[in-house]
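Enquirer: Take a look at the following structure, please.
Numbering (my numbering), first residue to last: 57 to 351.
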């Protein structure tokens with residue numbers, strides 16, 4: 057049987073796309089990602105991701121292999137620089153977890169401690185990320201998403217003029233060692249790891265390659281300076297952009313439910329981990345899809 061004939065024979069699934077209230081987000085209900093997704097269903101999912109910027113697939117009882125395979129439908133997967141926190145046998149998956157076993161962290165416990173867009177510190181930043189809940193705490197652990205298209209659309213004119221045509225530097229190590237969540241630590245980066253995350257420069261305002269909309273592309277987590285401005289002026293301008301980006305009207309707060317798979321667009325959003333009490337176990341699996349060079 058040919059590949060096209062095989063794809064055509066995959067049964068469609070009956071699922072709903074339910075927009076969430078506010079600036080961003082939609083639930084996808086009734087889709088089972090442990091089953092093959094046909095081309096028509098995939099087009100609907102892709103469209104929902106572009107329209108809503110973050111989509112929540114409820115109750116997904118899928119294996120790491122199935123998460124990787126579905127993520128690959130959207131593009132090439134990126135391997136995180138912290139190799140010690142990659143899932144054994146599946147380096148495409150970064151373990152996001154505060155769990156300590158035998159005195160060692162099994163995953164990146166303070167991932168997302170500052171607002172950021174995943175891998176904005178790479179020449180080819182992430183298109184999007186998928187995070188699949190494995191263990192959830194009884195309290196806390198929310199993830200917040202801010203709509204950077206809306207942030208740009210509503211940016212005061214003086215700030216627009218200040219940033220148009222400018223570029224900013226991004227660095228993985230910008231706030232790497234700053235602690236925010238109790239009981240979490242980060243390993244010292246080796247020279248080889250540091251070489252993989254050398255500083256890069258991207259436009260402050262980027263154009264989304266699929267929907268054509270402009271979005272702010274700076275974040276407190278990884279942006280270090282605006283190129284060509286004095287240090288104090290750069291810091292002041294970035295502080296104003298950060299404050300504007302995370303106004304309440306821009307934000308969706310995701311409260312995790314068991315087996316949620318959340319897929320967000322790093323070209324459209326920044327996100328933040330709200331944290332949870334350190335004694336409560338939290339573990340999620342993240343895959344990250346490579347995007348294009350921002351322009």
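C-beta: ideal position from N, C-alpha, C; glycine also.
1) Taking DSSP as the reference, what is the three-state secondary structure of residue 61?
2) List the endpoints of the continuous beta strand (DSSP E) containing residue 346.
3) Going by DSSP, what residues sit across from residue 263 in a beta bridge?
4) Mind checking who residue 291 pairs with in its DSSP beta bridge?
5) Could you check the C-alpha separation between residue 247 and residue 94 for me, to the nearest Å?
6) When the Cα of residue 73 is compared with those of 242, 67, 107, which residue comes out closest?
7) Please name the residue, chosen from 82, 67, 336, that lies closest to residue 92 on a Cα-to-Cα basis.
8) Excluding the five sequence neighbours on either side, which residues of its own chain have a C-beta within less than 6 Å of the C-beta of residue 255, listed in chain order?
9) If we ignore side chains and look at the alpha-carbon of each, how far apart do residue 214 and residue 206 end up?
10) Within 10 Å of its beta-carbon, does residue 276 have 16 or more other beta-carbons around it, so buried, or fewer, so exposed?
11) Comparing C-alpha positions only, which one of 71, 90, 330 sits nearest to residue 99?
12) Beta-carbon within less than 7 Å of residue 315's beta-carbon, same chain only, minus the 5 sequence neighbours each way: which residues are those?
13) Could you please give the first and the last residue of the uninterrupted alpha helix (DSSP H) stretch that includes residue 219?
14) Just curious, the beta strand (DSSP E) that residue 307 is in, first and last residue?
15) Out of 89, 78, 112, point me to the one whose CA is closest to residue 311's CA.
16) Can you give the Cα-Cα distance for residue 166 and residue 65, rounded to whole angstroms?
17) Quick one: residues in its chain with C-beta nearer than 6 Å to the C-beta of residue 249, no 5 flanking neighbours on either side, listed in chain order?
18) Residues in the same chain with beta-carbon distance under 8 Å from residue 149, minus the five sequence neighbours each way, listed in chain order, please.
19) Touching or not, the stretch 318–332 and the stretch 195–206, by the rule of three or more beta carbon pairs under 8 Å?
20) Just to confirm my understanding: we take residue 307, look at its own chain, exclude 5 residues before and 5 after, and list those with CB closer than 6 Å. What are they?
21) With a threshold of 16 other CB atoms inside 10 Å of the CB of residue 282, please say whether the residue is buried or exposed.
22) For residue 105, tell me which candidate among 287, 162, 319 has the shortest Cα-Cα distance.
23) Which residues in the same chain have their Cβ closer than 8 Å to the Cβ of residue 60, if we skip the five residues on either side of it in sequence?
24) As a quick exercise: from 196, 222, 130, pick the residue whose alpha carbon is nearest that of residue 333.
Expert: Reading off the structure:
1) Bear in mind that the predicted position of residue 61 carries a pLDDT of just 44, short of 50, making it unreliable; the figure below should be weighed with that in mind. It is helical.
2) 339–346
3) 270
4) According to DSSP, residue 291 bridges with nothing at all.
5) 44 Å
6) 107
7) 67
8) 225, 227
9) 17 Å
10) buried
11) 71
12) 115, 116, 117, 189
13) 213–219
14) 307–310
15) 112
16) 43 Å
17) 137
18) 120, 123, 124, 142, 143, 341, 342, 343
19) yes
20) 200, 202
21) buried
22) 319
23) Because the pLDDT of residue 60 is 45, which lies under 50, any placement of that residue in the model is unreliable, and the number read from its coordinates should be weighed accordingly. No residues qualify anywhere along the chain.
24) 196
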